[in-house]
Amino acid sequence: MFTFTPLLGAQSSSRASQSILELDGGIKILVDVGWDDTFDTSDLAELEKHIPTLSLILLTHATPAHIGALVHCCRTFPLFTQIPIYATSPVIAFGRTLLQDLYASTPLAATFLPKTSVSEPGAASTASATALDGDAEAAGSASRILLPSPTAEEISRYFSLIQPLKYSQPHQPLPSPFSPPLNGLTLTAYNAGHTVGGTIWHIQHGLESIVYAMDWNQARESVVAGAAWFGGSGASGAEVIEQLRKPTALICSTKGGDKLALSGGRKKRDDLLLDMIRSCIAKGGTVLIPTDTSARVLELAYSLEHSWRDAASGDKEDVLQGAGLYLAGKRVTATIRLARSMLEWMDENIVREFEAAESTDVTNGQRTGGQDKSSSKGAGPFTFKHLKIIERKKRLEKLLSDPGPKVILASDTSMDWGFSKDALRQVAEGPNNLLLLTESFRKDLESQKQQRPQAPETIGSMIWQWYEERRDGVALEKGSDGEHIEQVHSNGRELAWKDVQRAQLDAGEQLLYQQYLATKRQLQDTSQTLGQETLDTAADALDDGSSSTSSEDSDPEQQGRALNFSASLAHATRSKLAVSDEDLGINILLRRKNVYDYDVRGKKGRERIFPYVAPRKKGDEYGEFIRPEEYLRAEEREEIDMQQRRTDAETKLGQKRKWDDAAGSHGRKLSGGAAGRKRPHMDGKPQDDDELSLASDGEDADAAVESEDESELQSFEGPAKAIYNNQAITINARIAFIDFMGLHDKRSLEMLIPLIQPQKLILVGGMKEETLALASECQKLLSAKPGTSDSALGTAAMVFTPANGILIDASVDTNAWMVKLSNTLVRRLNWQHVRSLGVVALTAQLRGPEPVTFDLEDAETSGKKMKQLKDEAASSAVAPTFELGDNKASEKPDVYPLLDTLPASMAAGTRSMARPLHVGDLRLADLRKLMQSAGHIAEFRGEGTLLIDKMVAVRKSGTGKIEVEATAQSSMGQSGRGTGSFLAVKRKIYEGLAVVAGN
307 MFTFTPLLGA QSSSRASQSI LELDGGIKIL VDVGWDDTFD TSDLAELEKH
357 IPTLSLILLT HATPAHIGAL VHCCRTFPLF TQIPIYATSP VIAFGRTLLQ
407 DLYASTPLAA TFLPKTSVSE PGAASTASAT ALDGDAEAAG SASRILLPSP
457 TAEEISRYFS LIQPLKYSQP HQPLPSPFSP PLNGLTLTAY NAGHTVGGTI
507 WHIQHGLESI VYAMDWNQAR ESVVAGAAWF GGSGASGAEV IEQLRKPTAL
557 ICSTKGGDKL ALSGGRKKRD DLLLDMIRSC IAKGGTVLIP TDTSARVLEL
607 AYSLEHSWRD AASGDKEDVL QGAGLYLAGK RVTATIRLAR SMLEWMDENI
657 VREFEAAEST DVTNGQRTGG QDKSSSKGAG PFTFKHLKII ERKKRLEKLL
707 SDPGPKVILA SDTSMDWGFS KDALRQVAEG PNNLLLLTES FRKDLESQKQ
757 QRPQAPETIG SMIWQWYEER RDGVALEKGS DGEHIEQVHS NGRELAWKDV
807 QRAQLDAGEQ LLYQQYLATK RQLQDTSQTL GQETLDTAAD ALDDGSSSTS
857 SEDSDPEQQG RALNFSASLA HATRSKLAVS DEDLGINILL RRKNVYDYDV
907 RGKKGRERIF PYVAPRKKGD EYGEFIRPEE YLRAEEREEI DMQQRRTDAE
957 TKLGQKRKWD DAAGSHGRKL SGGAAGRKRP HMDGKPQDDD ELSLASDGED
1007 ADAAVESEDE SELQSFEGPA KAIYNNQAIT INARIAFIDF MGLHDKRSLE
1057 MLIPLIQPQK LILVGGMKEE TLALASECQK LLSAKPGTSD SALGTAAMVF
1107 TPANGILIDA SVDTNAWMVK LSNTLVRRLN WQHVRSLGVV ALTAQLRGPE
1157 PVTFDLEDAE TSGKKMKQLK DEAASSAVAP TFELGDNKAS EKPDVYPLLD
1207 TLPASMAAGT RSMARPLHVG DLRLADLRKL MQSAGHIAEF RGEGTLLIDK
1257 MVAVRKSGTG KIEVEATAQS SMGQSGRGTG SFLAVKRKIY EGLAVVAGN
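Sequence positions in the sequence shown follow our numbering and run 307 to 1305.
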């Protein structure tokens, strides 16, 4: 049995993707935990209903559409963190930086207080509902109160729960504690393209073979390798690999199913991008390219960096030489650092470039380390010479105010959050500037009105509508190849939207927030009486707080458990809200001063145990932090002390200094300043170029520090609310579009789906029009596939196009039953092995389940078993089930029917009717290797023909039939060979197949 239910993304304009796969035995698999740019918690209502029955979770891409709601679910739903999650290592690493950037950039991602937590009527819990209400109407309402945002450490802790997998590695996952047994379910990840680490999932369970392919790309790119339908990067096969071919169900996305690929491929796309940039830079303008944080930004950054390198090393003058190239985002440093450590997940050309750079460094003697480290990074794929990193808003504003041409890559593509929205305010007004979109925002207006009639539009979608309307005309400019490039005029159109900002709560809103905390505490106490140990989350929060130098560094450890009270408690403590002694419980011995006694009479569990604070070791995904100063030699330590004394001597009495200038005896800062905790690389140690910090962009380091301090002073700790302000800007910049989405197109879908040959095809992940159009086309292609006769058209592959929340049954047409073999029949079986499977043909009779009896004579031979039976009988309240008179125990019927040998009268007649069977699928490539190892000459001639010894031709049809043709001389023995080629080929073919005969 196999049923499929799309929760988000089916026949919808929303990019979010969530799907439920249910297999035989009650096994439920959730694939992707996506969220769209509205951060509407009502989109997760259906998912919340399925959480108590989920067995495992799979993630496909590190984009908000696939993992955007992962952290929210971990913090909000108690059981979510107990479900095993599987993904590839790049999806885990880049997804972590993506959500850290997301929660640091937009307040709406934290979501609002649920309306059931406060008694005030009219409270809303969704961002979209709040966005539609005016500020006057929402004044004093709890709908504006934001939940505390997760810290970067919390996000890293949630992603550490994900179990990494490698490509093409079969894995049998572990189920969740509340899941039925998986019964041999096997997961295998394959490269999907589109993003680094993107995954096509193959799920094998019994007779069900399911391929889940969402947002894949067959074409190779500069960084991302193509999808592994034909065997991965560099493969040139004409057939889909066996593991992904002929599945019982193929779940495929339809996004971009009606678009045609750009003629010329990747090179034409990159040239068109550079033509757009050169046309703007030649006028002295600024190019703003909105992109994501950790997925497609690698492709853009790599292409532009190498274009700037080519322009700098070229003989001809290029306008790119005088323009700056910048990458703006709050977590792009971590993204680039992670990209350098995951080259094996990228295209093979990236690996070759890295190896070539390393070999050049070794040959030239440049790998000396230390001071000469920067000189050895001249040709690495992600060692940027021209691309500068910007991670502070103040630094971005200063850059935009400087004159001169420049190109800025900024997150996010929606332009509703991130630095792209901040850059748009200054770039939009210049008529010589260019707003270059890399992703389309096509909307299905009919379905959007039905599903979300009041959903606000993003800034990116509004600009995309202007691009499609082309109301003010199009500017045509000549590119490098002589063709015209199109740029749409905006001519001073006004763009209006509602901007969201965080603000502190007033007195009335703080009371509502305290009421929310009290409600959570009451519910937690109720759950504790039912046997749930949830109060340890507060102790974990205390552990984090006491191990840090300040209460600001404390963060709750076990987020996402029952009711998530620990985060609210720690958050309330930081904001100095009132917490009673009853709320603290046994923790009062740690929280309150001069409190040494606590009454434990009548208490249970950890309330009777003195709280112990275990010191927490600081570390990251690579392990515990190592402090180099602890491993210094004596002469090195003396030299540092002398430098420190000279520095102290230079400080005059009354001289002004910054907080970060105060240092200890060994060059380490004191633990008081907040900025010292925020910037560990400023602690007197030399800054590494690999960190790509602010000083690496060529500007003054002091300006970078001041911009950081100013940005941090604007933020505040404690509970906050969302304030909506109407914003409007005038856009004079031109608008252009280059397709850098890296998704499949119409040609690749129509070519590959017939080659995959699925029995059931499920199309999701696209708008209604493109989904239905692709479904009708695929129905024709699958019905006309090779080997399908006219009488079999009725049994051709079925195509499903479900909508959100619609369950479809895509079970395999073949039925299977569990039977039990008798001992007599098992001894007669002659198993044949085909790869990893055992095959046998048998003729037997089926009987009903037989009762299972226990014989005491056999039990007496085993004293251990007899003792066990006596103990069970003695401990039972009823009489023993065995009787000494007939030496038999009580009979218990078996649940499986029995398959036994045939009687002698029937065996003779059936034996004459049984014919040998050839089982297996022999590939011509495998046959070629076998013949070559046996000393024969084997080579491919034409399409699907293997020529052996220039006498024997072997062909394989689309239905799997093998045809062998040979000349008359091939059957004769030849010099140097024991037998003729024809007989040798037949022998190798039979060896590759399992010949089974009836038993």
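Backbone N, C-alpha and C define an ideal beta-carbon position, used for all residues, glycine too. Treat the numbers as computed from the prediction; the structure is a model and nothing was measured.
Candidates the options, of which the one nearest residue i by Cα
{"i": "threonine 639", "options": "Asp621, Leu1049, Ala607 and Gly788", "result": "Ala607"}
{"i": "glutamine 524", "options": "Glu548, Val625 and Tyr496", "result": "Tyr496"}
{"i": "phenylalanine 1106", "options": "Leu1127, Arg1133 and Lys1074", "result": "Lys1074"}
{"i": "aspartate 905", "options": "Pro921, Lys899 and Glu888", "result": "Glu888"}
{"i": "threonine 494", "options": "Ser485, Leu480 and Gln475", "result": "Gln475"}
{"i": "leucine 649", "options": "Thr689, Thr492, Leu610 and Ser619", "result": "Thr689"}
{"i": "alanine 276", "options": "Arg1040, Arg551, Gln828 and Lys923", "result": "The first residue shown for the chain is 307 and the last is 1305, placing residue 276 beyond what the model contains."}
{"i": "tyrosine 773", "options": "Gly911, Lys899, Arg912 and Ile1037", "result": "Ile1037"}
{"i": "leucine 550", "options": "Gly562, Ala567 and Val517", "result": "Val517"}
{"i": "alanine 746", "options": "Thr764, Ala399, Lys1292 and Thr492", "result": "Going by the sequence as given, residue 746 is serine instead of alanine. Checking every option, the nearest Cα to that of serine 746 belongs to Thr764."}
{"i": "valine 1132", "options": "Leu1143, Ala1147, Val1118 and Trp1123", "result": "Ala1147"}
{"i": "aspartate 407", "options": "Gln816, Phe1288 and Lys636", "result": "Lys636"}
{"i": "arginine 575", "options": "Ile1044, Ala544 and Phe465", "result": "Ile1044"}
{"i": "tyrosine 819", "options": "Ser609, Val1118 and Phe418", "result": "Phe418"}
{"i": "leucine 1228", "options": "Ala555, Phe308, Arg1293 and Ile1035", "result": "Arg1293"}
{"i": "alanine 1309", "options": "Ser515, His500 and Gly512", "result": "Because the chain spans 307 through 1305 in this model, residue 1309 falls outside it and cannot be assessed."}
{"i": "serine 455", "options": "Gly1024, His1242 and Pro1060", "result": "Gly1024"}
{"i": "leucine 1080", "options": "Pro479, Ala663 and Thr560", "result": "Thr560"}
Pairwise C-alpha distance: residue j and residue i
{"i": "cysteine 379", "j": "glutamine 1085", "result": "38 Å"}
{"i": "serine 482", "j": "proline 390", "result": "6 Å"}
{"i": "alanine 645", "j": "leucine 604", "result": "8 Å"}
{"i": "glycine 925", "j": "alanine 458", "result": "13 Å"}
{"i": "isoleucine 547", "j": "glutamine 510", "result": "15 Å"}
{"i": "valine 1070", "j": "aspartate 1206", "result": "47 Å"}
{"i": "threonine 412", "j": "leucine 405", "result": "11 Å"}
{"i": "lysine 334", "j": "leucine 362", "result": "7 Å"}
{"i": "glycine 628", "j": "serine 786", "result": "19 Å"}
{"i": "tyrosine 902", "j": "glycine 891", "result": "13 Å"}
{"i": "alanine 1307", "j": "leucine 453", "result": "Limits of the chain in this structure are 307 at one end and 1305 at the other, which puts residue 1307 out of reach."}
{"i": "tyrosine 1202", "j": "leucine 1152", "result": "11 Å"}
{"i": "leucine 566", "j": "lysine 1052", "result": "6 Å"}
{"i": "leucine 1067", "j": "glutamate 697", "result": "44 Å"}
{"i": "serine 1211", "j": "lysine 1126", "result": "23 Å"}
{"i": "leucine 705", "j": "glutamine 732", "result": "11 Å"}
{"i": "alanine 1244", "j": "leucine 1135", "result": "37 Å"}
{"i": "glycine 982", "j": "arginine 933", "result": "A caution first: glycine 982 carries a pLDDT of 39, below 50, which makes its placement in the model too unreliable to give a value."}
{"i": "arginine 526", "j": "proline 687", "result": "16 Å"}
{"i": "serine 395", "j": "methionine 948", "result": "45 Å"}
{"i": "leucine 702", "j": "alanine 716", "result": "10 Å"}
Own chain, CB closer than 7 Å to residue i, minus 5 neighbours either side, in chain order
{"i": "glycine 591", "result": "Pro711, Gly736, Asn738, Asn739 and Leu740"}
{"i": "glycine 532", "result": "Gly499, Asn523, Gln524, Ala525, Arg526 and Ser539"}
Same chain, Cβ closer than 8 Å to residue i, five either side skipped, listed in chain order
{"i": "aspartate 778", "result": "Val794, His795, Ser796, Asn797 and Arg799"}
{"i": "lysine 804", "result": "Ala437, Pro762, Tyr1030, Asn1031, Asn1032 and Gln1033"}
{"i": "isoleucine 791", "result": "Leu578, Asp581, Met582, Ser585, Leu782, Glu783, Lys784, Gly785 and Ala1042"}
Contact set for residue i: own chain, Cβ-Cβ below 6 Å, skip 5 residues either direction
{"i": "alanine 519", "result": "Ile506 and Cys558"}
{"i": "isoleucine 1114", "result": "Phe310, Phe1106 and Pro1108"}
{"i": "methionine 1047", "result": "Glu745"}
Residue ranges of each alpha helix (DSSP H) run of no fewer than 4 residues wholly in the region 1230 to 1275, ordered along the chain? For the region 1230 to 1275, whole alpha helix (DSSP H) runs of length 4 or above, ordered along the chain, are 1230 to 1239.
Does the pairing of the region 917 to 936 with the region 893 to 904 give three or more beta-carbon distances under 8 Å? Yes, the region 917 to 936 is in contact with the region 893 to 904.
Unbroken alpha helix (DSSP H) runs of length 4 or more, entirely within the region 512 to 560: which are they? List check, alpha helix (DSSP H) in window: nothing returned.
Contact between the region 687 to 706 and the region 616 to 634 is defined here as three or more beta-carbon pairs at a separation below 8 Å; is this criterion met? With contact defined as three or more Cβ pairs closer than 8 Å, the region 687 to 706 and the region 616 to 634 are in contact.
What residue ranges within the region 368 to 409 form continuous alpha helix (DSSP H) runs of no fewer than 4 residues, ordered along the chain? Every alpha helix (DSSP H) stretch that sits fully inside the region 368 to 409 and reaches 4 residues is listed by chain position as 370 to 373 and 376 to 382.
Could you give the uninterrupted runs of the beta strand (DSSP E) lying entirely in the region 690 to 748, keeping only those of 3 residues or more? Counting only runs of 3 or more, we get 693 to 696, 712 to 717 and 740 to 743.
For the region 313 to 328 against the region 356 to 373, are there 3 or more C-beta pairs whose distance is under 8 Å? Touching, yes.
Count the CB pairs spanning the region 331 to 346 and the region 465 to 475 that are closer than 8 Å, and state whether there are at least three. No, they do not touch.
Complete runs of the alpha helix (DSSP H) confined to the region 611 to 652 [at least 4 residues]: Annotation: the region 611 to 652 contains the following complete segments of the alpha helix (DSSP H) (minimum length 4 residues), in chain order: 638 to 646.
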